[in-house]
Amino acid sequence: MLKPETSIAFENFCAEAKKHGFEPKIESGYRSFDRQLLIWNEKVLGKRKVLDKNGKSVNIAELSELELMKTILLWSALPGTSRHEWGTDIDVIDAAAVPEGYEAELTIEESAGVFGKFHKWLDVQIESGNSFGFRRVFLSGIGRVQPEPWHLSYSPKAKEIEQSFTAKNLTERLCENDILLLPQILDNLDWILENHVSCYFEKSYFKKG
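Following the working numbering, the numbering of the sequence shown begins with 27 at its first residue and continues without gaps.
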């Protein structure tokens, strides 16, 4: 379900990585709006863990609806804003480093630990412009989404989608679906877009209309 350009770039990326002893594997690629909606609603209902900025589970019963919305947004995108819906973004691990019986969880601890060598190599590739168009999006100091070094975006195609993203289209889509916390979302949509969406665009392509 990835865009063809993304798939080709990833194949080239993998070929280069294997020369250095790594085996990139996509843990999460394309994710539909409906899938993201399910994840969102299950977190609101307490059927999935909701994590704080340190990755620790929180008791959602102690949160107001606004606090719950903002806490979920630390790690989960609002449906309609997830870059995984674009077919350009992937979560990647180094399968060659996975111990037998180990299940990757996509955490900061893993990125510095079991997948540390892979991410150090990836740092160099991105900084030198040799990452086949892939870049990291969720970095420390940008926006309110927690850092995700494993999340890679195929920049050439993602730019096109960023240019077509509008608040109006998002609002219409949200109102057409049964998303929980909709009043809180709509009342704070500008804040959400500024802190969880448009700040990660490569340029200020975001349009309100």
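Beta carbons are placed, not taken as given, at the ideal position from N, Cα and C, and that holds for glycine.
This one's a predicted model, so the numbers in the text were calculated from it and none came from an experiment.
- For residue 143, the uninterrupted alpha helix (DSSP H) run begins and ends at 142-153, by DSSP.
- Between residue 174 and residue 164, the C-beta gap is smaller than 7 Å, which places the two residues in contact.
- For residue 69, the enclosing alpha helix (DSSP H) begins and ends at 59-70.
- For residue 118 and residue 52, the gap between their C-alpha atoms comes out near 5 Å.
- The Cβ-Cβ distance between residue 179 and residue 120 does not fall below 7 Å.
- In the DSSP assignment, residue 213 falls within the alpha helix (DSSP H) that extends over 208-213.
- A direct Cα-to-Cα measurement between residue 197 and residue 70 gives close to 19 Å.
- Residue 153 and residue 28 have their C-alpha atoms spaced approximately 24 Å apart.
- When rounded, the separation of the alpha-carbon atoms in residue 80 and residue 47 is 31 Å.
- Secondary structure note for residue 185: its alpha helix (DSSP H) is the uninterrupted segment 181-190.
- Rounded to the nearest whole angstrom, the CA to CA distance from residue 156 to residue 177 is 17 Å.
- A straight line joining the alpha-carbon of residue 72 with that of residue 94 spans about 10 Å.
- Taken through DSSP and simplified to helix, strand or coil, residue 46 comes out as coil.
- Buried is the label assigned to residue 112, since at least 16 other Cβ atoms lie within 10 Å of its Cβ.
- In this structure, 213 is the residue among 151, 213, 103 and 227 with its C-alpha nearest to the C-alpha of residue 91.
- Shown here, residue 83 sits in a strand according to DSSP, grouped into three states.
- Within the model, the alpha-carbon separation for residue 208 versus residue 193 is close to 15 Å.
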